[in-house]
Amino acid sequence: MRIRELYLKNFGKFSEKHFYIRDGIHVIYGENEFGKSTLHAFIRAMFFGLERGRGRAAGKDAFSRFEPWENPNYYAGVMRFECGGRNFRLERSFDRISKHASLVCEDDGEELSVEDGDLNMLLGGITQAEFDSTVSVGQLMARPGQELSETLKNYAANYYETGGGEIDLNGAVTELRERRREVESDLKAEQQKQEEKRRALFQECGYLERDMEKLKREFAEKRSAAEKAEKDAKRRQAEQARRRNRSVSGKNAPGGNAEKQAGDIPPRKSFLPGAACLLIGIFGVLGAQFMQGPGQGAGSVIPLVVRILSVLVLLTGAVLLTAGLRRKNGNVAESEESVSDTGDAEEQEHRLEMYRKEREQLRWELSRIRAEWKEKQIRLENLREEEEDVQQSGREKSLLKRRQAILLAEEKIRSAAGKLGQQTSSFLNRRASEIFVELTEGKYRGIDADEKLEITVWDGERRVRAEQLSRGTLEQIYFSIRMAAAELLQEEPMPVILDDTFAFYDDKRLESALKWLSRQDRQVIIFTCQRREGEMLHEDRTAKEGIDDHQ
Amino acid sequence: MRFIHIADVHLGAEPDAGSAYSEERPGELWGTLERVLEICEQERTDLLLIAGDLFHRQPLLRELKEVNYLFSELTHTQVVLIAGNHDHIRKDSHYRTFQWAENVHPLFESRMSCVEFPEFQTCVYGLSYHSREIREPLYDRCSAGGVRRYEILLAHGGDEKHIPIDRKALGKSGFDYIALGHIHKPQVLEKDRIIYAGALESIDQNDTGAHGFVSGEITDRGVRTRWVPFAQREYIHLQVQVDEEDTAGSVRKKICKLKSEYNNKNIFKITLTGVRGEDVVLDAGRMDDVGNILEIVDETRRKYDLERLKRENSGNLIGRFIGEFGEYDEGSLEEQALCEGLEALLNHKGSQI
Chain A
17 MRIRELYLKN FGKFSEKHFY IRDGIHVIYG ENEFGKSTLH AFIRAMFFGL
67 ERGRGRAAGK DAFSRFEPWE NPNYYAGVMR FECGGRNFRL ERSFDRISKH
117 ASLVCEDDGE ELSVEDGDLN MLLGGITQAE FDSTVSVGQL MARPGQELSE
167 TLKNYAANYY ETGGGEIDLN GAVTELRERR REVESDLKAE QQKQEEKRRA
217 LFQECGYLER DMEKLKREFA EKRSAAEKAE KDAKRRQAEQ ARRRNRSVSG
267 KNAPGGNAEK QAGDIPPRKS FLPGAACLLI GIFGVLGAQF MQGPGQGAGS
317 VIPLVVRILS VLVLLTGAVL LTAGLRRKNG NVAESEESVS DTGDAEEQEH
367 RLEMYRKERE QLRWELSRIR AEWKEKQIRL ENLREEEEDV QQSGREKSLL
417 KRRQAILLAE EKIRSAAGKL GQQTSSFLNR RASEIFVELT EGKYRGIDAD
467 EKLEITVWDG ERRVRAEQLS RGTLEQIYFS IRMAAAELLQ EEPMPVILDD
517 TFAFYDDKRL ESALKWLSRQ DRQVIIFTCQ RREGEMLHED RTAKEGIDDH
567 Q
Chain B
1116 MRFIHIADVH LGAEPDAGSA YSEERPGELW GTLERVLEIC EQERTDLLLI
1166 AGDLFHRQPL LRELKEVNYL FSELTHTQVV LIAGNHDHIR KDSHYRTFQW
1216 AENVHPLFES RMSCVEFPEF QTCVYGLSYH SREIREPLYD RCSAGGVRRY
1266 EILLAHGGDE KHIPIDRKAL GKSGFDYIAL GHIHKPQVLE KDRIIYAGAL
1316 ESIDQNDTGA HGFVSGEITD RGVRTRWVPF AQREYIHLQV QVDEEDTAGS
1366 VRKKICKLKS EYNNKNIFKI TLTGVRGEDV VLDAGRMDDV GNILEIVDET
1416 RRKYDLERLK RENSGNLIGR FIGEFGEYDE GSLEEQALCE GLEALLNHKG
1466 SQI
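Residue numbers (the numbering used here), protein chains in the order written: chain A, 17 to 567; chain B, 1116 to 1468.
#1: Check whether chain B comes within 9 Å of Q438(A), counting only Cβ atoms and requiring the distance to be less than that.
#2: Would you say I513(A) faces chain B, with C-beta separation under 9 Å as the test?
#3: Quick check on DSSP: helix, strand or coil for E491(A)?
#4: With a threshold of 9 Å between beta-carbons, can D1123(B) be considered close to chain A, or not?
#5: Assign C545(A) to one of two classes, buried (16 or more other C-beta atoms within 10 Å of its C-beta) or exposed (fewer than that).
#6: With DSSP run on the structure shown, which of helix, strand or coil describes A1294(B)?
#7: Report the residue from R1339(B), H1299(B), I1309(B) whose alpha carbon sits nearest the alpha carbon of K1287(B).
#8: Which whole runs of the alpha helix (DSSP H) in the region 1140-1186 of chain B are 4 residues long or more, in chain order?
#9: Would a check of beta-carbon distances place F1290(B) closer than 9 Å to chain A?
#10: Please classify N26(A) as buried or exposed, where buried requires at least 16 other C-beta atoms within 10 Å of its C-beta.
#11: Take the Cβ of G100(A) as the centre, count every other Cβ of all protein chains shown within 10 Å, and call the residue buried at 16 or more, exposed below.
#12: In this structure, does DSSP put T338(A) in helix, strand or coil?
#13: Below 8 Å, how does it come out for the region 1243-1253 of chain B and the region 1220-1233 of chain B: are there three or more Cβ pairs, yes or no?
#14: Would you say V1412(B) faces chain A, with C-beta separation under 9 Å as the test?
#15: For the region 1348-1356 of chain B against the region 1293-1302 of chain B, are there 3 or more C-beta pairs whose distance is under 8 Å?
#16: In three-state terms, what does DSSP make of W532(A)?
#17: For K276(A), count the other beta carbons within 10 Å of its own beta carbon; 16 or more makes it buried, fewer makes it exposed. Which is it?
#18: Are the region 1190-1203 of chain B and the region 1149-1168 of chain B touching, with three or more C-beta to C-beta distances below 8 Å?
#19: To the nearest angstrom, report how far apart P270(A) and S263(A) are at their CA atoms.
#20: Bridge partners for A1117(B) per DSSP, in chain order?
#21: Tell me the DSSP secondary structure of E549(A) in three-state form.
#22: Checking the sheet assignment: what are the DSSP bridge partners for Q1347(B)?
#23: Does the beta carbon of I422(A) sit closer than 9 Å to a beta carbon anywhere in chain B?
#24: Between Q393(A) and chain E, is any beta-carbon pair separated by less than 9 Å?
#25: Closer than 9 Å, Cβ to any Cβ of chain B: which residues of the region 233-265 of chain A, in chain order?
#26: From K52(A), F82(A), I429(A), Q438(A), pick the residue whose C-alpha is nearest to that of G1434(B); which is it?
#27: Kindly indicate which residue of I463(A), Y494(A), F495(A) has the alpha-carbon position closest to the one of V480(A).
#28: So T456(A) and Q492(A) are in contact, right, with Cβ under 8 Å, and what is the actual spacing, rounded?
#29: Restricting to Cα atoms, I'd like to know which of T472(A), E503(A), A432(A) is closest to F443(A).
#30: Going along chain B in order, which residues have a C-beta closer than 7 Å to the C-beta of L138(A)?
#31: Shortest alpha-carbon distance to A1259(B) belongs to which of G1272(B), F1232(B), Y1244(B), G1289(B)?
#32: Quick one: Cα of I1293(B) to Cα of I1267(B), how far?
#33: For the candidate residues I422(A), L553(A), L337(A), whose alpha-carbon lies nearest to that of R193(A)?
#34: Going by DSSP in three states, E107(A) sits in which element: helix, strand or coil?
#35: How about V1195(B): is its Cβ closer than 8 Å to a heavy atom in the ligand NAD?
#36: Quick check: the region 1324-1343 of chain B against the region 1272-1288 of chain B, are there 3 or more CB pairs under 8 Å?
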């Protein structure tokens, strides 16, 4: 495209002023304060509009800067240009009240719409940022505290990795990383919350387990108590039985073995021998009397013997009988003693009952403990299940997803930048080198940006790092990269606007730069406060027509 | 014969119900069951069918005693229940030994068994879970035995891990009514015949919508059922549209207004959509006037005109970045990543170098 005319109706210091721009290289010479920057800003404003900023920044933005000095409510201009063989008239007014833009094709009167992107299409889709970073060239400006070489490197990085459009790759990646950190810390807090829930459950499980352990111990104690009671009861029983036996045998046989054996005979039977003897003795005495009667002294020896024997037997019977009686009396005494023993037994019975009850109680307790334990066991298992079931909360899930998304975004940006970098850097390196070689008239053989985007120049013998180069040379690298980028990015060759770009160039290199520019199929507009450019172009007959002196 | 069919009561569960209602929620589960029993008593319902997961986990003895007492108070209704996956019958389950009241008839076998009610010519079939998962389609090959005039199947499951169900097979099984449980959302597989009653109360924040039970009647003319909404509260997911002008205060107001329109006794999950100013901090805690918001999901994002962005940035990183993403679904990780990346890139576009 080529700009034909700039008509500043009311813009900055200019009012009702026409500038006609010719094809080829057009130098606009003006001393300081002439309004070169205003013209530069006007071109920009016509292409991309001029929006009033908001807030604090508004005081310093372009809108305020070029607000007309007189009659600020009339803030407008016209640009006529040729594009693709057709002529257009673009009119804009910038003030708030009558803000509008119109675009008319002067050849056929067709009205086009800026709002619908017709102008943008004519401009080949170039954005303001792209315009600023390629064809609209000022001096290389370092930010405060930043080396010029650093500025150049950033500029190159932008082109090599982001393909222009003024995207701060590092800034974007850093922002993503910071966002990710934020999400991660939120995530941690959220997970902690869940963890606390889990821990609370775990703790409750712990309490339950302790309770169960206690129950278990209680159970063991009670059981051993029950076992002991059982054993006690058995022992008591056994002891009692034994004692009873012992008391019987002890009373019956206080003397030696024989009597103890006699004592083993039941008391009833001990009367029998005595009685038998008595009866036999009576029979014997009576028999002897009977035998004596009819015989009357004849042979009276036998009945006498019988009588004596009978008496003896009788006596023995009497003795045995009394012995038996005495023994019986002894038994009575013993039975009296065992009456007192029976009182003891009742008490024992009672005690046994108590043991039994106690045992019952213990048994009941044991089953209670067992039931309680089981209840707790089930509760514990339920809690454990619950602990396993504590799920990711919705928030945790969404945070996790966001984190994944940011990671993916970082990865995709890097891979996009990588691919773009490979593609653009080879072209940019090649094309920028060509331009740079020409500007330096072959002193340097090429520009090279490595993977870290360290810019070096090759002078045929050694690599020189950017920070070792002079200001002028840095400016020339910058210019070369810009021009290469402009070729790379723009479908429609836009005019190159050079705003005091050559201040640091020596004459030789300025000449080479102008030579290179005059060969390009682009309109070139040079704003300068020096006469060098104009003079040089006057000398150079090929570019003679392009000179215009506004002084 | 009139019946009520409930399922998934989940007694013992402690659903997250926001700060205001979480504490009382476990009690509400019992309360709602009691109210169902009151209905049974009032309407002299013949049969109460409980299609599994009466308890959320293994029932404790005291819980069984409690529920049995409630059942035993019914003077007319016969109760039939099965154990589901949540309260499945384990080796040491109290279900195995518990002595139920006379009107309660558990079908706790792992194989199909039935209980007959000659007084209303009905036979109810069912089986119980003896493990947490059953992957065999146990219901596919079962059919009504023809023991009684009316035959009902009490069944629990319907997903891959819990007795997968084949609708067609169930349809051909010959039961007059199939009372289903396990899926918490009420749904009808076949009208008046094969029905998920849904959970009696919602148990989880994803159990959105109304909950209740099925009330039905079987006569010679067939089965007629109706679904009765009965739960105390619902979980409601709401979308709140936010724009750039909104502040934390105005968003709060929007949320509170919308909530009260939907009745504040319910429990809410709020999703914020639209575009929101970067510096607005939406603190979920401060958005909740009643204490019935479970979660606020922030999905506010800049909506990008991708076509335009791609066109305008064809040569540079932004265009390439968009190009890195091929086809993706709405709501996918890719979409989110694209938005995150674009936001960062556009924030750093045009900053002067």
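Just so it is clear, CB atoms sit at the ideal spot from N, CA and C, and this is done for glycine as well.
Just so we're clear, the structure is a prediction, and the values are computed from it rather than from any experiment.
The short version:
#1: no
#2: no
#3: helix
#4: no
#5: exposed
#6: strand
#7: I1309(B)
#8: 1140-1158
#9: no
#10: buried
#11: exposed
#12: helix
#13: yes
#14: yes
#15: no
#16: helix
#17: Residue placement at K276(A) cannot be trusted, given a pLDDT of 44 that sits under 50; the coordinates are not used to answer.
#18: yes
#19: Any answer about P270(A) is weak, because its pLDDT of 48 lies below 50 and its placement is not dependable; what the coordinates show is given next. Going from the Cα of P270(A) to the Cα of S263(A) covers about 11 Å.
#20: It is Arg, not Ala, that sits at residue 1117(B) in the sequence shown. DSSP lists E1332(B) as partners of R1117(B).
#21: helix
#22: Answer is none; Q1347(B) lacks a bridge partner.
#23: yes
#24: Looking at the structure shown, chain E is missing, and the protein chains on hand are A and B.
#25: none
#26: I429(A)
#27: I463(A)
#28: 7 Å
#29: E503(A)
#30: Correct list: empty, because the minimum Cβ distance to chain B is about 15 Å.
#31: G1289(B)
#32: 6 Å
#33: I422(A)
#34: strand
#35: Here there are no bound small molecules, and the ligand NAD is not part of this structure.
#36: no
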